[in-house]
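Residue numbers (the working numbering), protein chains in the order written: chain A, 30 to 552; chain B, 30 to 552.
Just so it is clear, CB atoms sit at the ideal spot from N, CA and C, and this is done for glycine as well.
Quick notes on the structure that follows.
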C-alpha cells in the first residue's frame, strides 16, 4: 500500500468520505488511489476557491469534515479566502496540500514556496508529513485537530514521494469524531450563575447566540430559555448555519450596519453569549466605536466555541427552572407572489413565496439580499448559511458543498453580481455533479455595498475615478452567457412576473440552473 | 493631506503610476484619493488574481513596478498564486493590502487575519504601517525593496485609519528606481575567469541565460559571447520575458520535460549561468534525478539575479576578446497559413503566419502550445512571456498588464482551457480598458498535461475515477459564451480555415477578442 492509499483509507475509516479537489502533478498518486478506495467521493473543481468553499459548505450541512486536495502553495493560496470563511464558521476542514518530493526541495524548483507559512493564516494544525509510514497517523492527528472543539481548518502537507512510496499504514481512529454541541470544556460555574441571576433580575436581557446554538436541539433549548425568562433572542450577524422557518423558534440576526446594530442593542442590560463572541462592528469607521455593546450593559460570556454548549445551556435552564417546549414558534406565513417592477425586494418576496420545503439558502446577496430573511421567515423549515468571514466569493462554493452533503434538498445560492464573479467556476461543478442548486443573481451592475461604504467611511462626494472603481457596468456582465458557458441552463428576468416563473421552473427542475434578476442599484 | 493621498503621491513621485485593484471597505480612502492624484492610473479587476498577475505582466513589459490594491488577508490570498509567479519572474510589484483600523484589531472582527504571515510566502519586504506620518517613507522603503536587485514582491499593509487620517507626508525618492541589468553586486572575479577559461578550452560549453539576459542589449551581448566562443545559447525553461523573432539572436529554451532536457544537455562540459539558476526538473519523478546537469559537466554560476549582469558579461567578453555584433541573427521566415484538420499544431502555425509586428505573447498554452515557439521563431520581433512560477492562471492576467504597459502593441494570450478558467475574470478588464488582446483558447476538454504527468509519475493504467479528475468535458466548457458574458467578441473555430480567418480578424480589430480553437487531446 502506498502513502496515498493509506491516507485515503485512513480518512474513510474516520468518516471523511468526500474530497473537493483541484489536483496537479504532485497530487497524481492521490488521484490514482481514488480507484483503489471507492468509498472516497471526489469532486473536481476548476479553481481551488471552489474546492475550499465547498468543503466548508459540506461541513456546515453534513456536520462532519470534508477534505480538500490542493496543489502546492499557489493552490492553497487560491483556496485561502474560503478557508478563512471556514475558519470563522468553525467548520472542520482537512486540507491536503501536495508538495514537491522531499528530495526535490533543495533545488528550489519553480513551484516551490513556503507552504506552511500560508497555511498558518487559516489553520489550527499545520504539519508536513516526512515519511510514508507516518502519513496515516498524521492524517488522524490533523482530523482530530479539525474536529476540535472548536471545528477548524487543519492542513496536512504531503510531499509527492511520501504519497507515492510503499509502506503506508492505515491509522485506526483515536475516537469518534463528531461536531456535537456537547463537546469541549465545562464553562465556569460563576459565569453561569451570574448569567442566571441576570436572567432572573427583571432587567432587560438578550441571549446572543452563534455557532452550535443556532440549530438542532440547542436552538430549541436556548429559545426555551429566552421564553422562560423574557430575554430577547438574537444571533450573531453571520452564523455559519441557522435553522429557521415555520415551527422553529424565530431568531433575529443582529444587523450588519453598526449604526443599526448599536441602536438595536440600546437599553439591553445583560448580553448573554452562547457560542458567540461579543458583537463588534464589521469594519471600523472614523469616529465610531467598534464595540457594539451599549454603555451599562454587562456581557456574560457563558460559552465560547471550545466549551460544552449542551452542559452550559442545561445548567442555565436548571438554575432558572425552564420548562422544555415553552418557546415561541414561528407561524406559517408566506408572502404572496409579487408583481410590479423587478427590484431586490420583489426578488426576495418571490423567494419567500416559492421556497421549497427543506431548502438550504447560501446567502451572499449582500445589499440586494437584505429583504430575503424577512420574506422567508414563515416559510417551510430551511437552513440559512451566511458569509461567516466576510471574504466574498463564498456563496457559490458553499452551495456546491451543501448540495453534495444533502443531495435530496434544493439549495439556493442568493448571489450578488460582484461576489458571484470571484468563484464563478462553481457553476461547472454544479453541472458536472448534477446538483439541485438554484442560483439567483441579483445583478445591479455595481459593487453596491462599496457605494454605501464610501459614504460610511466618511468619503463625501466621491469623484468620478473613485466611482468608476465600484461600477460593474461597462461592459455589463451577462450571467446567462456565463452560466451557459459553464454548462448550466439560465434565464434572465427583467420583470417580476418573469422572475416568478423562472424561479418556480428552476425549483421544479432537477439539476442546477441560474436565474439572473436585473435590479436597480442600492436598495 | 490624508494618508492615502500621501501614499499615492509618493508612488507617483517614484514612477509608479499604475495600480491594479480589487478594493473593499478598508481601501475606500485609497480609492477616493484617486481623484486627488490624477497621475495614478487605476485598473479594476473582478478578482485579485487578475490584479496581481496584471501587475506582474505590466512590470515585465514596462520594466518598472506596478502597484496592487487588495482587501485584507483574503484579498491577498486570492492574489497569491500570481504573486508567486511574479516572485519567480523577478518582477517588482508593490502590494498595498488594506487592513482594519489599528483600533479595531483587538476585536478580531470577521475579516481579521494575520496578513503578514500570508505575505511572507511571496514578499521580500513586509511591513504594516502604524502611523499616517510614516506611510510615505514606508512606501518608499517598500518600493526600494521591490526594485531590489533582484526585482521582487513587496507588501505594505495599510490599516484603514492610517489611510484616512490627516498628517500624510510625501516621501522624496531616495534615488532613481530602475530595472537596468547593470545593477547589483559585482560577481567574483575567480568565477568569471574560470568561465572564460572554459569558453576558451575547446570543450563543449553552453551559456544558460535567464532574467535580464533574455532581452535588450544584454541579449545581444550574450549572443555575441556565444558566437565568438562557439558556445551553445540556451535559456531557462520559463524566462519572464524573452525577446525573439527575425533579426534577433535565436535562443533555444530548455524543454519542460526533464527527460528531454537531460538529453539536450548531455555532453555539455561547461554550463555558464548568466542570471539563471542551474537547471532542475520542474517536478520530481520516481527514480529520476531532479538535477538536470549531466555528469562531468561543470557549472559556472557567473551571475545570479542580485548581481551586476552588465559588468559580468562585459568582463567575460573582454577576457575572451569578443567582437560586438558577431552573433548569429534569426532569419526572416514564417510558416504558410495552414489548412486541413484543426489541431494544436495548425493553431500554432496560423499564429506564426499572422503574428503582428511587435506582438507580446503571454504563453500559457501548456501541452497544446508546444509548437508555438517554433512557428513564430522567424516572425517579426516580439516578446514572449512565460509561466515563471508554474502557478497556472497567469496567462490572461499577465496579458492584461502587458497590454496596459504597451497599449500600442498587440498582446496574444495563448491559453489552455484548464488554465484559462482560473482567472477568466481577466476578460472583463480587457473589455473595460479596451485592450488590444487576442486570446487563443486551445480547448482540448482536459487537463492534458496531467494525463501526461500521470504516466510520468509512474501511475500505469489509471482507473476511471482518476481519469475523471483530469477531464474537463461533461459538461464541455463554451468559451464563446464565457467571453460574451464578460463583454468580449468571440468566435469558435473547428476548422483550420475558420481559425485562420478569426485570428486575422482579431488582429485587425482594435480591442480584445477571443478565438476558441477546438483541438484534439494530447498533441
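Residues of the stretch 146-180 of chain A that bring their beta carbon within less than 8 Å of a beta carbon in chain B comprise 146, 147, 149, 150 and 151, in sequence order.
The criterion of a C-beta distance shorter than 8 Å is not satisfied by residue 494 of chain B and residue 73 of chain B.
Secondary structure of residue 455 of chain B (DSSP, three-state): helix. According to DSSP, residue pairing for residue 530 of chain A in a beta bridge does not occur. According to the DSSP assignment, residue 473 of chain B belongs to no alpha helix (DSSP H), since it is labelled neither H nor E. In this chain, residue 508 of chain B is not harboured by any beta strand (DSSP E); it is covered by the alpha helix (DSSP H) spanning 508-514. Residue 276 of chain A and residue 89 of chain A have their C-alpha atoms roughly 22 Å apart. With a minimum length of 3 residues, the unbroken runs of beta strand (DSSP E) contained wholly in the stretch 133-165 of chain B fall at 152-157.
Burial check for residue 289 of chain B: the Cβ neighbour count within 10 Å stays below 16, so the residue is exposed. Residues of the stretch 110-134 of chain B with a C-beta less than 7 Å from any C-beta of chain A: 110, 113, 117, 129, 130, 132 and 133, listed in chain order. The three-state secondary structure of residue 257 of chain B, taken from DSSP, is helix.
A distance of 8 Å or more separates the beta carbons of residue 370 of chain B and residue 379 of chain B.
Within the DSSP secondary-structure output, residue 127 of chain A pairs in a beta bridge with A:100 and A:187.
Inter-residue distance for residue 331 of chain A and residue 236 of chain A is about 10 Å (C-alpha atoms, whole angstroms). In terms of beta-carbon proximity, residue 402 of chain B stays away from the interface with chain A, with every pair separated by 8 Å or more. Between residue 193 of chain B and chain A, the shortest Cβ-Cβ separation is below 8 Å. Neighbours of residue 285 of chain A in chain B, taken as residues whose beta carbon is under 7 Å from its own, are absent, since the nearest beta carbon is some 10 Å off. Separation of residue 550 of chain B and residue 31 of chain A (C-alpha to C-alpha, rounded to the nearest whole angstrom) is 30 Å. Using a Cβ-Cβ cut-off of 8 Å, residue 34 of chain B does not count as an interface residue toward chain A, since no Cβ of chain A sits closer than that to its own. For the stretch 447-468 of chain B, the set of residues with a beta-carbon nearer than 9 Å to any beta-carbon of chain A comprises 447, 450, 451, 452, 453, 454, 457, 460 and 461, in chain order.
Going by C-alpha positions, residue 255 of chain B is about 34 Å away from residue 316 of chain B.
With a threshold of 16 other beta carbon atoms within 10 Å, residue 132 of chain B falls short and is exposed. Annotation for residue 338 of chain B: the continuous alpha helix (DSSP H) segment containing it runs 338-349. Of the candidates B:38, B:33 and B:54, the residue whose Cα lies closest to the Cα of residue 481 of chain A is B:54. A residue is called buried once 16 or more other Cβ atoms fall within 10 Å of its Cβ, and residue 545 of chain A is buried on that count. Interface with chain B (8 Å Cβ-Cβ cutoff): residue 300 of chain A is excluded. When rounded, the separation of the alpha-carbon atoms in residue 177 of chain B and residue 329 of chain A is 53 Å. Any Cβ of chain B closer than 8 Å to the Cβ of residue 395 of chain A would place that residue at the interface, and such an atom is absent. When 7 Å is used as the limit between beta carbons, residue 440 of chain A is near no residue of chain B, the shortest such separation being about 19 Å. In this structure residue 538 of chain B is exposed. Its beta-carbon is surrounded by fewer than 16 other beta-carbon atoms within 10 angstroms. Look at residue 234 of chain B here: in three-state DSSP terms it is strand. Under the three-state reduction of DSSP, residue 536 of chain A is assigned to helix. Using a Cβ distance threshold of 8 Å, residue 109 of chain A and residue 126 of chain B do not count as a contacting pair.
For residue 65 of chain A, the secondary structure class from DSSP, reduced to helix, strand or coil, is coil.
Around residue 68 of chain B, no beta-carbon contact reaches into chain A at under 7 Å, the shortest distance being about 11 Å.
With its beta carbon at least 8 Å from every one in chain A, residue 296 of chain B lies outside the interface.
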